[in-house]
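A.B. asks: Using my numbering, the first residue of the sequence shown is number 9, and each one after it goes up by one. Note that the Cβ used here is the ideal one computed from N, Cα and C, for glycine as well. All figures in this text were calculated on a predicted structure; none of them were measured in a lab.
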Amino acid sequence: KKSVYENLRNTDLKEMYENKLPEKIPEGPKHPMKIGDDEVPVVKKLIEKHGKDYKAMARNIKINKFQWTPIECKKRCFCFEAGMIRSEAAEVISGYRQDMRKPLFGKAKALNVFSH
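(1) By DSSP, does Ile55 sit in helix, in strand, or in coil?
(2) Can you grab the Cα-Cα spacing for the pair Asp61 / Lys52, in whole Å?
(3) Can you tell me whether DSSP reads Ile33 as helix, strand or coil?
(4) Which residue wins for smallest C-alpha separation from Ala133, given the options Glu23, Lys42, Ala97, Pro78?
(5) Lys82 lies in the alpha helix (DSSP H); which residues open and close that run?
(6) Just checking, does the region 26–46 make contact with the region 81–97 on the three C-beta pairs under 8 Å criterion?
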């Protein structure tokens, strides 16, 4: 009986995965980031007040209600300026966000605001 170490030493990863690796490494992300309708007014106010100062945007807790980090602020500002905005209907259909106004299926569809 072989040990785990012996099995790992005898395993050739190139032989196992040589035909499964992609020929070319992709240029960008498969699914680029987009900002939702609820984030657009916040990003717009942050850009109007702070311009390109992402650290100041992150520290502004009155406007930045989502408490984004400077890097997250930078990504969202880039998406806003590039017009990469996703509608709320598209968010619900894709399943990235939940539609809190109207449950789609299950017991929640029959419940009212007070969960009765």
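C.D. replies: So, from the listed chains and residues:
(1) Position 47 of the sequence shown, counted from the first residue, corresponds to residue 55. In this structure, Ile55 counts as helix in the three-state DSSP scheme.
(2) The residue you call residue 61 lines up with position 53 of the sequence shown. The residue you call residue 52 lines up with position 44 of the sequence shown. When rounded, the distance between both Cα atoms is 13 Å.
(3) Position 25 of the sequence shown, counted from the start, is the residue given in the question as residue 33. Correct three-state label for Ile33: coil.
(4) In the structure as shown, the chain begins at 9 and stops at 124. Residue 133 is therefore absent and cannot be evaluated.
(5) Within the sequence shown, residue 82 is the residue found at index 74, counting from 1. Residues 78–90.
(6) yes
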